[in-house]
Amino acid sequence: MTSLEELRKINARCIHCRACQYAYSGEPDREGEDETYTGMLQGCPAGLYYGWEGYFNSGKQWMARAFLNNELPASKELLEVTEACTTCGMCETQCPNYIDTVHVTEALRAAIIEAGVEPLDKHKIFGERVRNEELRNPYKEPREERTKWLGDNIDVIDKDAKIAYYVGCTAAYRQQQIADHTVSILEKMGVDFTVVSDEVCCGSPILRTGQRDAFKEVMKENLDLFKDYDLVLFSCAGCYKTFRNDYPSHSGEPLPFKVRHAVEYAYDLLEEGKLDIKKEYPKKVTWHDPCHSIRHVGIAIEKEILADSKNWLLDSRKAQKAKEAHYEIPRIVLNSIPGLELVEMYRNRGNSFCCGAGGGVKAQFPDLAVFASKERLKEAAATGAEVLMTSCPFCVTNFNDGIKALKKEEEETGKDLSDVGSKLVVVELLELLDELL
Amino acid sequence: MTQMYNKVTDEVVKKLVAICGDQYVTTSEPLRHSYMARGIMGNEAVLPECIVRPANAEEVSKILVLANENLSPVTPAAGGLSGGFALPAIEPGGIYMDMTRMDKMTVDTENRVMVVEPGVKSGDAWRIFKTKYPDWAPPIPDGAPPAATVLGDAIERGFSLVTGVYGPQADMIMGMEVVLPTGEIFHTGSWALPGAKPFYRWGIGPNPDGLFLGSQGSMGIITKCAIKMVPHPHYKTVVAYGGETWDDIIRPAWEISKHEMGIAERTVMVQGGNYELVMTRWPKENVPVDYEFYKKIGVDQKWMNYECWAWSKEELDETLQGIDKIYKDYEVREKRTLPQQDLHPKQVASRLKKPNKIAIPYSLWQAGFLFITWYCPWLESGEMMEEYCTAMENYGFPPTMWVASIDHARQAIVMPILCYDSTEPGIFDKIREFNLETTKSFLKKGWINYRPDTFVHAPETFSKAKEYYKMLVKFRKVLDPNLILHPGRLAIPWESVSDEPSPLQE
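Chains as they are written, first to last, in my numbering: chain X, 7 to 443; chain S, 14 to 519.
#1: Using the Cα positions of K237 (chain S) and G57 (chain X), report the straight-line distance between them to the nearest angstrom.
#2: Would R14 (chain X) pass as an interface residue toward chain S - the criterion being a Cβ-Cβ separation below 8 Å?
#3: Please compile the residues from chain X whose C-beta is within a distance smaller than 8 Å of the C-beta of R140 (chain S).
#4: Chain S beta carbons: is any one of them nearer than 8 Å to that of Q326 (chain X)?
#5: Which whole runs of the alpha helix (DSSP H) in the stretch 69-107 of chain X are 4 residues long or more, in chain order?
#6: List the residues of chain S whose Cβ lies closer than 7 Å to the Cβ of Y104 (chain X), in chain order.
#7: Which two residues bound the contiguous alpha helix (DSSP H) that contains D313 (chain S)?
#8: Assuming P472 (chain S) is part of the alpha helix (DSSP H), what are its boundary residues?
#9: Would a C-beta distance cut-off of 8 Å place A220 (chain X) and D198 (chain X) closer than the cut-off?
#10: Reducing DSSP to helix, strand and coil, say where D420 (chain S) ends up.
#11: Could you tell me whether the Cβ of N299 (chain S) comes closer than 8 Å to any Cβ of chain X?
#12: Give the secondary structure of H357 (chain S) by DSSP, where H, G and I count as helix, E and B as strand, and everything else as coil.
#13: Which same chain residues, not among the five before or five after R125 (chain S), have their C-beta less than 7 Å away from its C-beta?
#14: Report buried or exposed for M484 (chain S), applying the criterion of at least 16 other Cβ atoms within 10 angstroms of its Cβ.
#15: By a C-beta neighbour count over all protein chains shown, 10 Å radius and 16 as the cutoff for buried, is L492 (chain S) buried or exposed?
#16: For P244 (chain S), list the residues DSSP reports as bridge partners.
#17: Y48 (chain S) CB to nearest chain X CB: under 8 Å?
#18: Is L79 (chain S) closer than 8 Å to L29 (chain S) when the C-beta atoms are compared?
#19: From which residue to which residue does the alpha helix (DSSP H) around W267 (chain S) run?
#20: Are any of the Cβ atoms in chain S nearer than 8 Å to that of G427 (chain X)?
#21: With distances taken between CB atoms, is the gap from V206 (chain X) to V173 (chain X) smaller than 8 Å?
#22: Exposed or buried, P105 (chain S), counting other C-beta atoms within 10 Å across all chains shown (16 or more means buried)?
#23: Establish whether the CB of I307 (chain X) and some CB of chain S are separated by less than 8 Å.
#24: Residues of chain X with CB under 9 Å from A209 (chain S), in chain order?
#25: Name the chain S residues whose beta carbon is nearer than 8 Å to that of S358 (chain X)?
#26: Of the residues X:G216, X:L443, X:D204, which one's Cα is nearest the Cα of S342 (chain X)?
#27: Run down chain X in chain order and give the residues with a C-beta less than 9 Å from the C-beta of T474 (chain S).
#28: State the beta-bridge partners of E190 (chain S) as determined by DSSP.
#29: Tell me which residues of the stretch 461-488 of chain S have at least one Cβ-Cβ distance to chain X shorter than 9 Å, keeping chain order.
#30: Nearest CA to the CA of N56 (chain S): which residue from S:P506, S:P514, S:I444?
#31: Determine whether the beta carbon atoms of V269 (chain X) and L423 (chain X) lie at a separation below 8 Å.
#32: Does the distance from the C-beta atom of T413 (chain S) to that of E305 (chain S) stay below 8 Å?
#33: Tell me whether T350 (chain S) sits in a helix, a strand or coil according to DSSP, three-state version.
#34: Helix, strand or coil for Y213 (chain S) per DSSP?
#35: Given that a residue counts as buried once 16 or more other Cβ atoms are within 10 Å of its Cβ, and exposed if not, what is W293 (chain X)?
#36: Ignoring anything shorter than 3 residues or poking outside the stretch 49-132 of chain S, list the beta strand (DSSP E) runs there in chain order.
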């Protein structure tokens, strides 16, 4: 179900209880260190930032209902409120009525645009660039330079292999070190893989921002391009989620290949006893769960089980356990690193607080993005960790932007903001794995 | 009715901005729609013309003065009682006052009273008590989601953690700060005396607080509420006993609950229902609908839960033994089989969890649900539930039923949960018809609504309780001469909710 009309009955389940505004809405007695981080906690970045009900999922569901019932016309104003959401899915985790909150929000965005409203200016630029066959990426970089980051390592390009590494636009053009580390890890693990030079944007930024026509174009191209591989690996949480969750629902077909995020692949090898990390990393680390690769995939696992179930009363627990097992994957990888001391942030796994970059927010609503980043940095700093680790290029960028903002504030005010995260070091887990292997 | 009121003009909006600040006033159409709610506590709602988010009682007062000048209706709301937005705006819309910015809470453990503003949510109150006052429990609604507010539940006389012993939440109120519809701010109880603490509810003269409690926001806006905290002993458990008929669960519960100053004092919550209460929490197409399945998994046709709090294991054991003895004696005396359920520790933990989301998932059955709540003398509740279940089945609704004791089973709150598909054409008419039929029947039997809805319960009730309605209107006109506060609620003005002759004309 991808259109808003198809989601009508799911949206109609909302009774406006607003449990979705709280992380741990079902765990009032969850133990924490102090009053700030104990029990249930507000967890919606946009709602906290703007305050108005419409910025929380609970309000959005009712805006969507009004739109569906022709009580609320498509307008730029509606699009602006709807787009000011990181689509992190914290709300979806909380909903006892299993409302696909993020699907509804994304479908509402698409429906507004399909009704003739122009995408918001920054989002429109993404769309135009991805639509452009000379580019096929949101960064306005030449398509022919997509594999330039590989430098002399051209042997991995388009070679005959059953495993492909889908690099994604951000690692190909902006954070090439992530692609370098991923390739290096795969090589060290002896994986026979290739990088496909014709890969195009996965479509995530344009799908999230309601530009579905362009999304479908690139989805078709990618599906055609990768259809003969056995396995496609990812280093970008957003690309991974888009392939894993969105391609099947928007194409109407199951994926013709398996998909794994590189961290999951490392986990698979650990489980099979094929990976043994010996080098030490003697640091206190806290882990930030990227919404796309952790929460969204976990929720999808749970809902896939329920979709096949004739008895939710019996199978809901099994589905929940499968979701929770997915949340453990990065933790198992981190705990396999000698010397690394993992300290969890209060809001973690399915209840994690978003970094603030997703859903098109980073480009269009930079103040909201930095607000969310600082909120999360504060939580990370409360753990006493020196390193904030994650595995998503957007989380890394947005956290670094948050730290920059804190440092600037320190310079301007002379205050020490280390207790809210100004001294944290953000590390991409793939970078660390590469160093340790 | 719209002729009685004026539209919220740009000029009024400018004045609202001058009161609250630009950041806290909006006429945005999408944002106004985001405050809508249809379902759970009522199906009627219209779009407000403007949303305003005041910071304090003074701002509330200024808004009301302005609303009187312009004759704009005002709907105050924060989080409502047990189901999110309990009081959306109804015709003719007007100014919607979102009280969530007013979220201060103070706690006085010495006098065992907390003071909350309208925006204090259950989840936040619980968190703060858990860390700072673990030996006390905030008076939050039981079974309500975390965003339900403490004040909303109290002033609408809602259900609490300990209603089985202490009565409705409103019984625990010690004082209120009220902004009258004409803008005056005053306090009730001992709080009325400047400098006095809210230690005595009945205060310095006749206590008018009952005019505001249960008024659904139509008599004044309560901007602070002093409310008793309850002790929070940590020896807690839940036991449950099954049965086949409503009497099987109602009568033993009455025997237990009337044990005042004995085991009943530690039995803080007595609530039960039927197996459909379990079944309709899941999608109709994805759960067995035959009772045999529920029997196999240990769910009785009907059952009653007893939640017990005690200061020691001995006290807890004594309470549980007392409950069990009453059940055993009852079985022998009445020749019934009423088995104690074998609850898994996770089931016990789940039932002890506060606040919780237990009331929410009934939308899964199809796509929408409505709680309809009635009060009756406890021992008559079985008859009410029997009639309700029959009517629900006649109308094609699953007979999902919940019942709970109030104040040692002096009263019962009986609550059918109507599960339906809110996208089905004509469904709201069908619900209204069902509601009207059962309401007419129940009123004849002397049963009353806990919280009369606007278009069925209130007009039906007041067309019978004419003298009461006349008095209510008199009070209302004294407090709110222009009827700006939440017009339509409590059937005032009558013409806005009913085509039948007004009781005032007789």
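Ideal Cβ positions, reconstructed from N, Cα and C, are used throughout, including at glycine.
Let me lay it out:
#1: Whole-angstrom Cα-Cα distance: 21 Å.
#2: yes
#3: P34, E41, T44, G45, M46, L47
#4: no
#5: Taking 4 residues as the minimum length, the alpha helix (DSSP H) runs contained wholly in the stretch 69-107 of chain X are 82-89, 96-100, in order along the chain.
#6: L377
#7: Note, D313 (chain S): premise wrong, no alpha helix (DSSP H); not H, not E.
#8: 470-477
#9: Not in contact: A220 (chain X) and D198 (chain X) (Cβ atoms no closer than 8 Å).
#10: coil
#11: yes
#12: It is coil, neither helix nor strand.
#13: K241, M242
#14: exposed
#15: buried
#16: S:W149
#17: Y48 (chain S) counts as touching chain X.
#18: yes
#19: 259-270
#20: no
#21: no
#22: buried
#23: no
#24: By Cβ distance, chain X contributes nothing, its closest Cβ being about 29 Å from A209 (chain S), past 9 Å.
#25: Ordered by position in chain S, no residue passes the 8 Å Cβ test against S358 (chain X), which lies about 18 Å from the chain.
#26: X:L443
#27: Chain-order list of chain X residues neighbouring T474 (chain S): empty, with the shortest C-beta distance near 25 Å, by a criterion of under 9 Å.
#28: Answer is S:H200, S:K237.
#29: Residues passing the 9 Å Cβ filter: none.
#30: That would be S:I444, whose Cα lies nearest to the Cα of N56 (chain S).
#31: no
#32: No, these two residues do not count as a Cβ contact at 8 Å.
#33: coil
#34: Three-state result, Y213 (chain S): coil.
#35: It is buried - the Cβ of W293 (chain X) has at least 16 other Cβ atoms within 10 Å.
#36: 63-65, 87-90, 108-111, 118-121, 126-129
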